[in-house]
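In my numbering, the protein residues as written are 391 to 476. By construction, the Cβ of each residue, glycine as well, lies at the ideal position given by its N, Cα and C atoms. Take a look at the structure set out below.
Written out as structure tokens, the structure reads:
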């Protein structure tokens, strides 16, 4: 088994809370405008998503007027239980 397959975690952080706060928008409002369920956005927001469709990512970026890099970032070591560096 490859090292990447040994754990379910990933090193991608989702900044949906920050973007919603900056725009004064609720998760429910975003879900309605994007056309997905609250549950699906909540899974993404809490970092538990294993994948995201490009069509969903596109709609989130359109609604929030942001770039994918504003929503997602790569933080090596963020899923291995070690404390994150600021």
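Which residue from the options puts its Cα closest to that of residue i?
| i | options | result |
| --- | --- | --- |
| residue 436 | 417, 459, 449 | 417 |
| residue 400 | 415, 413, 412, 441 | 441 |
| residue 402 | 451, 450, 434, 415 | 434 |
Identify, in the order they occur along the chain, each residue of the same chain with its Cβ nearer than 7 angstroms to the Cβ of residue i, setting aside the five sequence neighbours on each side.
| i | result |
| --- | --- |
| residue 456 | 409 |
| residue 421 | 427, 428, 431 |
Please list the terminal residues of the continuous beta strand (DSSP E) segment that includes residue i.
| i | result |
| --- | --- |
| residue 404 | 402 to 404 |
Check for me: the alpha helix (DSSP H) holding residue i runs from which residue to which?
| i | result |
| --- | --- |
| residue 428 | 428 to 435 |
| residue 450 | 444 to 454 |
| residue 421 | 417 to 424 |
| residue 458 | 458 to 461 |
Can the beta-carbon of residue i be found closer than 8 angstroms to that of residue j?
| i | j | result |
| --- | --- | --- |
| residue 461 | residue 451 | yes |
| residue 449 | residue 425 | yes |
| residue 413 | residue 454 | yes |
Identify, in the order they occur along the chain, each residue of the same chain with its Cβ nearer than 8 angstroms to the Cβ of residue i, setting aside the five sequence neighbours on each side.
| i | result |
| --- | --- |
| residue 465 | 401, 402, 403, 474 |
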